[in-house]
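Residue numbers (this note's numbering), protein chains in the order written: chain V, 1 to 115; chain D, 1 to 114. In what follows, a structure is listed as structure tokens, so that the remarks can point back to it.
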Amino acid sequence: GENVEQHPSTLSVQEGDSAVIKCTYSDSASNYFPWYKQELGKGPQLIIDIRSNVGEKKDQRIAVTLNKTAKHFSLHITETQPEDSAVYFCAASWAQGGATNKLIFGTGTLLAVQP
Amino acid sequence: NAGVTQTPKFQVLKTGQSMTLQCAQDMNHEYMSWYRQDPGMGLRLIHYSVGAGITDQGEVPNGYNVSRSTTEDFPLRLLSAAPSQTSVYFCASTEGGGYTGELFFGEGSRLTVL
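Shown next as structure tokens:
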């Protein structure tokens with residue numbers, strides 16, 4: 001099955017700096033890679049996603065890059081703000097028997113943005 | 001729309017007791033799933049359903065049962081609770097039968113097994 005590794009587990013940056021979180025996946029058939037943000041006491045929320053036919057996607061201060069050959073993808077947050085402090089999860093879809101019906105998550109990164 | 005609603009938010013059980021975590025969604029989503037979240041382990045898929053009457057196992061299904069009699073509801077049953085099942089449980093749903101877009105999560109149910 002699919003295995004997703006995420007690094008680092010914790011990340012502390014100064015407000016205004018950039019933050020980068022990296023994930024690798026094992027199943028070359030995976031074709032959908034979302035990123036979720038989880039604030040304290042809440043459920044995760046989708047912030048950005050990328051599909052395997054695209055190398056990069058941006059949404060304001062957030063960007064995701066995908067390298068299918070190396071089987072890794074990264075989340076980039078620029079001009080970080082205190083409200084970016086949260087746990088971030090990467091994930092990869094896992095197709096089994098032709099049906100993409102499982103989403104496997106990484107172990108999470110706790111991002112702390114220091115004012 | 002309320003989205004995905006989980007009850008209860010908190011529960012304490014003794015070893016061997018059984019209970020059901022409730023999950024309901026009002027978005028007419030075909031796909032529903034249960035995850036557990038443990039420190040350092042991320043979110044792990046327990047069971048999922050691609051539509052009413054259809055369920056399947058995820059990564060960590062042992063000790064849990066699910067059923068899907070309606071599109072709206074997807075309860076998770078703990079048959080005989082064990083301390084290893086102490087965790088935060090999240091229910092999630094998405095439109096369609098597979099991962100084509102956003103997964104909507106509930107706010108979680110924190111379970112402690114003594």
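For every residue, glycine included, the Cβ atom is placed at its ideal position computed from N, Cα and C. Quantities reported herein were computed from a predicted structural model and do not represent experimental measurements.
Residue i CB to nearest heavy atom of the ligand ATP below 7 Å
| i | result |
| --- | --- |
| Q25/D | Inclusion of the ligand ATP in the displayed structure is not the case, the ligand content being empty and no account of it being possible. |
8 Å contact criterion, which residue i and residue j should meet: CB distance rounded
| i | j | result |
| --- | --- | --- |
| G106/D | Q6/D | 4 Å |
| L111/V | L11/V | 5 Å |
| E56/V | S30/V | The Cβ separation is near 17 Å, so there is no contact. |
| T109/V | S28/V | About 24 Å; that fails the 8 Å criterion. |
| F90/D | S49/D | Actually they are not in contact, since the Cβ atoms of F90/D and S49/D sit about 15 Å apart, beyond 8 Å. |
| E95/D | E30/D | 7 Å |
Assigned exposure category for residue i - 16 Cβ within 10 Å defines buried
| i | result |
| --- | --- |
| C90/V | buried |
| S33/D | buried |
| D49/V | buried |
| Q25/D | buried |
| G42/D | buried |
| D59/V | exposed |
| H7/V | exposed |
| K102/V | buried |
| R36/D | buried |
| L79/D | exposed |
| S84/D | exposed |
| P44/V | buried |
| G98/V | Because the pLDDT of G98/V is 48, which lies under 50, any placement of that residue in the model is unreliable, and the number read from its coordinates should be weighed accordingly. With fewer than 16 Cβ atoms within 10 Å of its Cβ, G98/V is classed as exposed. |
| R68/D | buried |
Residue i - DSSP class collapsed to helix/strand/coil
| i | result |
| --- | --- |
| P34/V | strand |
| Q116/V | Outside the shown range of chain V (1 to 115) lies residue 116/V, about which nothing can therefore be said. |
| D27/V | coil |
| D17/V | coil |
| D26/D | coil |
| N1/D | coil |
| S84/D | helix |
| E56/V | strand |
| E83/V | helix |
| A112/V | strand |
Residue i versus residue j - alpha carbon distance
| i | j | result |
| --- | --- | --- |
| D38/D | N67/V | 29 Å |
| A63/V | G3/D | 27 Å |
| G63/D | S18/V | 42 Å |
| A81/D | Q38/V | 27 Å |
| P82/V | Y88/V | 14 Å |
| V4/V | R44/D | 11 Å |
| V66/D | S93/V | 22 Å |
Residues, ordered as in the chain, of the stretch 1-18 of chain V that lie near chain D by beta-carbon distance below 7 Å = none
Taking a Cβ distance cut-off of 8 Å, strictly less, list which residues of the stretch 36-52 of chain D are near chain V, in chain order. G40, M41, G42, L43, R44, L45, Y48, V50
Residues of the stretch 5-36 of chain D with Cβ closer than 9 Å to any Cβ of chain V, in chain order | Q6, Y31, S33, Y35
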